[in-house]
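Before any comments, here is the structure.
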Amino acid sequence: MFCGPFSSYEEFLKELERFHGKKAPGGVLALHMVALAREHLPEGILVDVICETRKCLADAIQLLTPCTVGNHWMKIVDTGRFAAVFYDKQTGEGVRISLSMERLKECRAVNEWFLKLVPKKDQDLEAILDGINRAGGRLFDVCPVEVAPGLLEVRPKVPPVICPVCGEAYPPYHGPVCRGCQGVTESYYRELTVSGTKK
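In this text, residue positions in the sequence shown follow full-length UniProt numbering: the first is 1, and each later residue adds one.
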């Protein structure tokens with residue numbers, strides 16, 4: 001079985017649990033998804049990934065490939081679907097691999113887990129993992145794709161500028177003020193005060 005940079009499936013599961021916090025079935029699905037991508041892409045190319053969910057699939061891809069959010073080789077476009085696009089970072093050609101809802105029905109324990117048809121306390125994790133490993137790549141649909149040209153552009157490394165509103169540094173290509181001050185991102189915190197000073 002393909003295990004990426006790990007010497008065994010057991011080693012992968014152990015690292016998945018350490019990194020993700022648990023032996024997530026979605027991480028084991030990702031193991032087969034990455035193996036399928038390797039089969040469909042030419043050898044020797046540099047690969048980028050677009051992951052379509054922020055859940056366990058993203059963590060497992062980062063464990064199994066050199067592609068991470070931090071090095072910008074993996075982007076997350078959160079459609080909420082269990083799918084990812086693996087593509088040649090030079091040409092943009094690649095494959096989109098997605099979990100097949102039709103073939104999922106053939107693996108009862110996996111289907112019940114993924115569609116939350118059975119309460120978590122009543123699920124058998126080993127049966128789910130075994131079902132995923134027995135089905136392997138057959139659980140997925142593979143479609144040749146070409147990513148949008150804009151995704152292949154490499155932004156030049158330029159010094160940050162200081163936002164005139166908040167006084168913090170940000171990339172100049174975000175605009176005349178940072179995205180936080182533009183209101184582009186949702187406010188995810190509020191400042192607290194202690195004895196009249198910001199905390």
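Glycine is no exception: its CB is placed at the ideal position from the N, C-alpha and C atoms.
Query	Result
Check this for me: beta carbons of Leu99 and Phe82, under 8 Å apart or not?	yes
At the level of alpha carbons, what is the spacing between Glu112 and Ser8?	27 Å
Using three-state DSSP, classify Cys143 as helix, strand or coil.	strand
Is the beta carbon of Pro144 closer than 8 Å to that of Val95?	yes
Please state if the CB of Leu29 and the CB of Leu152 are separated by a distance shorter than 8 Å.	no
Looking at the secondary structure, which residues open and close the alpha helix (DSSP H) in which Ile97 lies?	First-last for Ile97: Glu93 to Leu99, but that is the beta strand (DSSP E), not the alpha helix (DSSP H).
Can you look up Phe19 in the DSSP assignment and give me helix, strand or coil?	helix
If you draw a straight line from the alpha carbon of Gly175 to that of Arg18, how long is it in whole angstroms?	39 Å
Express the C-alpha separation of Glu168 and Ile50 in angstroms, rounding to a whole number.	29 Å
Quick check: is any heavy atom of the ligand PLP less than 7 Å from the C-beta of His20?	In the structure shown, the ligand PLP is absent, as is every other ligand, since no ligand is present at all.
Quick one: give me the first and last residue of the beta strand (DSSP E) that residue 284 is part of.	Beyond the ends of the chain as shown, which are 1 and 199, falls residue 284; an answer cannot be given.
Rounding to the nearest angstrom, what Cα-Cα distance links Lys14 and Lys23 in this structure?	8 Å
Compare the beta carbon distance of Leu16 and Ala60 with 8 Å and say whether it is the shorter of the two.	yes
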